[in-house]
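Since the structure comes first, as structure tokens, the remarks are kept for the end.
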Amino acid sequence: GVAPTAEHTDRLVGEALDLGINFIDTADVYGNMPVFDRPGAPAAADREPAEVLIGRALRGRRDEVVLATKSNGIVG
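Those letters in the sequence shown? Residues 50 to 125, by the working numbering.
Structure (structure tokens):
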């Protein structure tokens, strides 16, 4: 994957909704992990989690989507 930015997320989510896509799946660890580091992209520590980016991109349109998320942590 490629590290998401706020600009790209806003555009991508808006276009997806305009095309009728209404299911978004995300997680607290998507987007801001070092594994997503790419040349020219901000470092992981400087990126916002995908949940934050998607939440911002959905402002005013939240009722148009089914939003799924999950968490990553120690169980037990």
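Think of the CB as a built atom: it goes at the ideal place given N, C-alpha and C, for glycine as much as any other residue.
For residue i, the nearest candidate out of the options (CA to CA)
| i | options | result |
| --- | --- | --- |
| E100 | L61, Y79, D112 | Y79 |
| N71 | L107, P88, A90, P91 | L107 |
| M82 | T58, G89, E113, E97 | E97 |
Residue i: CB within 7 Å of a non-hydrogen atom of the ligand ZN
| i | result |
| --- | --- |
| E56 | Ligands displayed in this structure: none; no statement on the ligand ZN is therefore possible. |
Contacting residues, own chain, Cβ-Cβ under 7 Å from residue i (five flanking each side not counted)
| i | result |
| --- | --- |
| V115 | N71, F72 |
Local Cβ density within 10 Å of residue i, reported as buried at 16 or more and exposed below that
| i | result |
| --- | --- |
| P53 | buried |
| I123 | exposed |
| V62 | buried |
Neighbour flag for residue i against chain D, beta carbons, 8 Å
| i | result |
| --- | --- |
| I123 | No chain D appears in this structure, which consists of one protein chain only. |
Sequence-distant residues of its chain with Cβ nearer than 6 Å to residue i (five each side left out)
| i | result |
| --- | --- |
| N75 | Note on identity: in this sequence residue 75 is Thr, with Asn being the wrong assignment. Contacts found: A99, E100, I103, T118. |
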